[in-house]
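Below is one structure, written out as structure tokens; comments come after it.
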Amino acid sequence: RPLHIQQQHRPAHRQHAAHPLPLGQELVEQEELSDRHAEGLQLDHPHIVTVYNTGEDNGIRYILMEYLPGQSLRERLPGPLDVGQAVNIFGQISEALDYAHSRGVYHRDIKPENILFTDRGVAKLGDFGIARLTGMKRITREGMFIGTPEYMSADQARGQDPDGKSDQYSLGVVLYEMLTGRQPFYAADPLVIVEKHLSETPESPRRYNTAIPAKTETAILRMLSKDRSRRYNSLTEAAARVHDEMLTSGI
């Protein structure tokens, strides 16, 4: 869990959070660590958690980032969210990802735990700098994969190079969960989940929440296409389709 650090600056009072990285030798090389930290540092967007610096103290590597007192999206998901609220969060994170993609940066590990909120309820995407650095499930090596199984794209599961449409798939999974209170694919064994992403068709979100507009469901299922060429060209396009349908439906 991030450590809360409070610092006094003139003229502003700024709060930081130091996020220790539990990295072992088997996880990542030092050069890769530096490269991934640089990705987080170069991104400046209102819906991306600000990374101020990185460092090492007594053998513990850490990222110094913006402190966000609001909950994570995971903590808001004991069940489905209101459709309007879910679409609003989806739109904010879509903006963040299209910005990152335009700079050649792909997140690779989008999930509710990495979507955080300010005290005013603004959604921000975090962990760009450590997205593929922490935890066995998130490492790529020969025969292994990047991502959290419940949210990884079919192309990630195949070991293909990530792109913006891989992140689009993962955010589509998050939108599915926000609207239904459940993930499209789940099993006790992570490898079974990966196989489901590769071979199974997700159930209709409207089966679990009839308040979801029909065309919003169509948009979600398009984002979850196994073939990434069938997904939207950008998340901005996907978000526009979802938002327009919400307005048409009077939600």
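Residue numbers for the sequence shown follow our numbering, so the first one is 323 and each next one is one higher. Backbone N, C-alpha and C fix where the C-beta goes; we use that ideal spot for every residue, glycine too. Predicted, not measured: the structure shown is a model, and the values here were computed from it.
If we ignore side chains and look at the alpha-carbon of each, how far apart do residue i and residue j end up?
| i | j | result |
| --- | --- | --- |
| P391 | V371 | 12 Å |
| K518 | V405 | 26 Å |
| D549 | L399 | 28 Å |
| P535 | P524 | 17 Å |
| R430 | S488 | 7 Å |
| D366 | S547 | 30 Å |
| L447 | N410 | 14 Å |
| I368 | G426 | According to the sequence displayed, residue 368 carries Pro and not Ile. So the alpha carbons of these two residues sit roughly 18 Å apart. |
| R528 | R552 | 21 Å |
| N531 | R396 | 19 Å |
| T456 | G381 | Because the pLDDT of T456 is 38, which lies under 50, any placement of that residue in the model is unreliable, and the number read from its coordinates should be weighed accordingly. About 16 Å. |
| T470 | L403 | 22 Å |
| Q414 | M474 | 20 Å |
| L501 | S416 | 16 Å |
Would you please state the rounded distance, in angstroms, between the beta carbons of residue i and residue j? I believe it to be under 8 Å.
| i | j | result |
| --- | --- | --- |
| T538 | E567 | 5 Å |
| L557 | L513 | No, L557 and L513 are not in contact; Cβ-Cβ is about 28 Å, not under 8 Å. |
Tell me whether residue i sits in a helix, a strand or coil according to DSSP, three-state version.
| i | result |
| --- | --- |
| A533 | coil |
| V373 | strand |
| A445 | strand |
| S394 | strand |
| S526 | coil |
| A560 | helix |
| T540 | helix |
| Q364 | coil |
Could you pull out every residue in the same chain whose Cβ sits closer than 7 Å to the Cβ of residue i, ignoring the five residues on either side in sequence?
| i | result |
| --- | --- |
| A479 | F467, V516, H519, L520 |
Provide the residue(s) that pair with residue i in DSSP beta bridges, ordered along the chain.
| i | result |
| --- | --- |
| F439 | A445 |
Cutting at 6 Å between CB atoms, please list the residues of its own chain near residue i, excluding the five before and the five after it.
| i | result |
| --- | --- |
| R563 | A541 |
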